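These notes are about the structure you will find just below.
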Amino acid sequence: MAVLELDAVSGGYGETEILHNVSMTVEAGEIVVIIGPNGAGKSTAMKSVFGLLNLTAGRLLLDGDDITGTGPEKVVRLGVCYVPQTENIFPNLTVHENLEMGAYLRNDDYSGRLDEMYALFPPLAAKRRQPAGTLSGGQRQMVAMGKALMLEPKILLLDEPTAGLSPKFRGEIFRVVRDINKAGTPILMVEQNAKQALSIADRGYVLVDGKNRIDDTGKKLLANKEVAEMFLGGGKKTKS
Amino acid sequence: MMDFLSFYLIPGIVLGSIYALGAIGVSLTFGILRFANFAHGEIMTLGAYVTLTLIQLTGWHPVVLLPAAMVVVSIVTLGVDRYFYKPFRTSPVIIVVIASFGMMLMIRSVTQFVWGVQLQAFVPGVQRPLIFFEALRISPRHMIIVGCALVLMAVEHWLLTYTMIGKAMRAMSDSPELARLTGINTEMVIKATWIVGASAATAAGVFLAYDSHVDTMMGFQILLPVFAATILGGIGRPYGAMAGGLVIGLAEELSAYPWIGSEPLLSPGYKAGVAFAIMVAMLIWRPSGLFRGRVF
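Shown next as structure tokens:
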């Protein structure tokens with residue numbers, strides 16, 4: 140059974156429909172990447188899971204349970220954690236306080252989980268008393284992911300985690316994403332840096348104009364001619 | 464020199480402490496609920512009147528009765544939020560601001576209806592100041608006010624820095640949307656904000672009344688300097704609000720000191736103008752305040 144399934148989802152913000160009949164699944168232990176041109180509805184597809192969208196058709200399933208129409212506060216409780224692309228940390232709180240806020244819903248002792256996060260993101264350990272807003276872009280992203288992981292979610296949703304980062308940090312974030320996944324958390328991720336993202340992904344979905352275009356394994360998508368032309372710099376300057 | 468300390472500096476610190484307590488609530492409400500609460504002055508007034516009634520019932524000292532008054536005013540404020548502000552939670556800010564203006568008029572009218580409009584005092588009679596070093600005169604009232612204000616500010620600091628709900632308040636002030644996505648119970652945080660804001664406002668009202676008298680316009684009269692203190696400290700910055708309160712209080716009192724010649728630099732009648740001038744200057748040159756608050 141899939142951890143997360145979007146079953147023929149249509150919807151958008153207000154009256155505008157952005158997603159048309161989009162389906163995708165994330166199985167246990169997988170990294171799944173959504174790629175596609177700007178405005179294809181990649182982030183929108185992800186937000187639909189989090190109850191931030193008006194759905195006009197389709198169902199959302201978490202571990203087989205229908206979660207369609209559940210608000211963001213409840214979806215978090217059910218074990219879905221979402222890292223938005225921007226404004227994903229509390230800049231005036233320290234790194235440590237950000238992680239504590241991530242554990243806000245936990246009533247048990249989460250000190251062990253805190254230690255795991257500092258082990259997973261070593262640069263944060265030295266800066267735990269520093270306001271998160273003073274960190275570099277890559278480290279902020281680590282705080283955002285660490286915060287989301289505090290709840291030990293069933294699935295982690297990442298919206299363009301490497302947007303605006305230098306190539307060096309990009310590589311580091313992709314490494315971290317793989318580490319998080321190896322530790323057992325399935326990941327659904329939207330990415331602009333398609334090449335790097337597909338190379339760590341088990342599977343990928345290509346969205347165009349709010350519709351499923353292609354879905355295949357990461358490797359096959361990398362080798363796919365159409366995908367190469369669209370995103371991997373076929374004829375254009377390579378980004379990553 | 465002793466005159467300067469006794470009649471300008473110390474009253475300035477006392478007034479500043481009162482402004483600081485008022486500004487904490489305005490700053491928190493602005494940071495977390497994102498609107499300038501015009502009814503905040505009336506919360507201070509209400510705090511003073513509730514304490515007045517408790518004094519008449521028990522005969523105890525106002526400072527002893529302060530916690531009880533805080534509880535009563537907090538309950539009233541939570542009720543107002545539940546039935547008055549909550550339906551506006553997703554409305555544009557300007558609507559909530561105007562609504563708070565209406566709330567201000569309503570609370571004031573109720574206060575006037577229940578307690579009347581004549582001036583009243585907590586403790587009748589004049590208190591003799593204590594004299595230190597033969598010339599430094601400090602009223603025991605002033606020492607109590609400043610001491611209690613410092614304790615309350617320390618409690619506020621502890622709350623925001625070391626408790627989960629305080630950290631959640633700061634988190635929500637940073638980004639309400641992310642707080643929701645993180646699973647923070649935002650309605651609970653809003654309740655905590657009203658309780659902390661109303662308690663600090665009650666203290667401000669009680670200290671102001673303890674230093675002078677109780678009347679139905681007292682809170683509204685210090686609302687402008689309290690707003691000025693909030694802006695000076697940086698909107699949504701409770702520590703800034705405390706510092707801003709002290710600066711405004713001192714500026715108002717010290718502006719009347721005869722710095723040049725023997726006449727007051729500014730006639731005491733212009734005190735409110737000093738706060739207003741500081742507020743306008745800050746809004747023009749440094750709208751984020753001394754502590755880099757939010758700019759809208």
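Chains as they are written, first to last, in my numbering: chain A, 140 to 379; chain B, 464 to 759.
We treat Cβ as the ideally placed atom computed from N, Cα and C, and that holds for glycine.
All figures in this text were calculated on a predicted structure; none of them were measured in a lab.
For G696 (chain B), the uninterrupted alpha helix (DSSP H) segment begins and ends at 686-696. The Cβ atoms of V219 (chain A) and L297 (chain A) do not sit closer than 8 Å to each other. Put simply, the backbone Cα of A642 (chain B) is about 6 Å away from that of A634 (chain B).
Taking a 10 Å sphere around the C-beta of M566 (chain B), we find 16 or more other C-beta atoms and assign the residue as buried.
Spanning the alpha carbons of V536 (chain B) and I506 (chain B) requires a straight line of approximately 7 Å.
Residues of the region 238-266 of chain A with a Cβ closer than 8 Å to any Cβ of chain B, in chain order: E239, M240, G241, Y243, L244. A704 (chain B) is positioned such that its CB atom lies closer than 8 Å to that of V489 (chain B). Residue-level contact by beta carbon holds for A631 (chain B) and chain A, with a gap shorter than 8 Å.
Secondary structure at S162 (chain A): strand, using DSSP grouped into helix, strand and coil. The straight-line gap separating the alpha-carbon atoms of L145 (chain A) and G190 (chain A) is approximately 12 Å. Chain B places no beta carbon closer than 8 Å to that of V165 (chain A), leaving this residue out of the contacts.
Interface residue (Cβ-Cβ distance to chain B less than 8 Å): Y221 (chain A) is classified as such.
Any Cβ of chain A closer than 8 Å to the Cβ of S638 (chain B) would place that residue at the interface, and such an atom is present. Taking all protein chains shown into account, P325 (chain A) has 16 or more neighbouring C-beta atoms within 10 Å of its C-beta and is therefore buried. Secondary structure of N193 (chain A) (DSSP, three-state): strand. Rounded to whole angstroms, the Cβ separation of F683 (chain B) and G504 (chain B) is 4 Å, and the two are in contact under 8 Å.
Restricting attention to B:M681, B:K549, B:A706, B:V586, the CA atom closest to the CA of F498 (chain B) is found in B:K549. Counting only unbroken stretches of 4 or more residues, the alpha helix (DSSP H) elements lying wholly within the region 611-644 of chain B are 627-637, in sequence order. Sequence-distant Cβ neighbours of D354 (chain A) in its own chain, meaning closer than 6 Å and more than five residues away, are Y344. For T553 (chain B), no CB of chain A lies under 8 Å from its own CB, so it is not counted at the interface with that chain. A direct Cα-to-Cα measurement between G668 (chain B) and A283 (chain A) gives close to 42 Å. G646 (chain B) is not bridged by DSSP to any residue. Take W722 (chain B), set aside five residues on each side of it, and the residues of its chain with a beta-carbon closer than 8 Å to its own are L728, in chain order.
The beta carbon of G276 (chain A) is closer than 7 Å to those of G303, L304, F308 in its chain, skipping five residues each way along the sequence.
For the region 641-660 of chain B, the residues whose beta carbon sits under 9 Å from a beta carbon of chain A are, in order, L641, A642, R643, L644, T645, G646, I647, N648, T649.
At a cut-off of 8 Å between beta carbons, N231 (chain A) contacts chain B.
Counting only residues of its own chain and dropping the five nearest sequence neighbours on each side, I157 (chain A) has a CB closer than 6 Å to the CB of G151, G180, T183, G349. Inter-segment contact for the region 686-706 of chain B and the region 544-563 of chain B is absent: fewer than three beta-carbon pairs are separated by less than 8 Å.
S250 (chain A) is classed as exposed because its beta carbon has fewer than 16 other beta carbons within 10 Å across all chains shown. Contact between D637 (chain B) and P230 (chain A) holds, with the beta-carbon distance rounding to 6 Å and staying under 8 Å.
Out of B:I487, B:I476, B:L468, the CA that lies nearest to the CA of A691 (chain B) is found in B:I487. Shown here, F564 (chain B) sits in a helix according to DSSP, grouped into three states. Following the DSSP letters along the chain, one finds M533 (chain B) inside the alpha helix (DSSP H) bounded by residues 525-543. Beta-bridge partners of R342 (chain A) (DSSP): A:V171, A:T356. Boundaries of the alpha helix (DSSP H) harbouring Y512 (chain B): 503-521, taken from the DSSP string.
K350 (chain A) is bridged by DSSP to A:V347.
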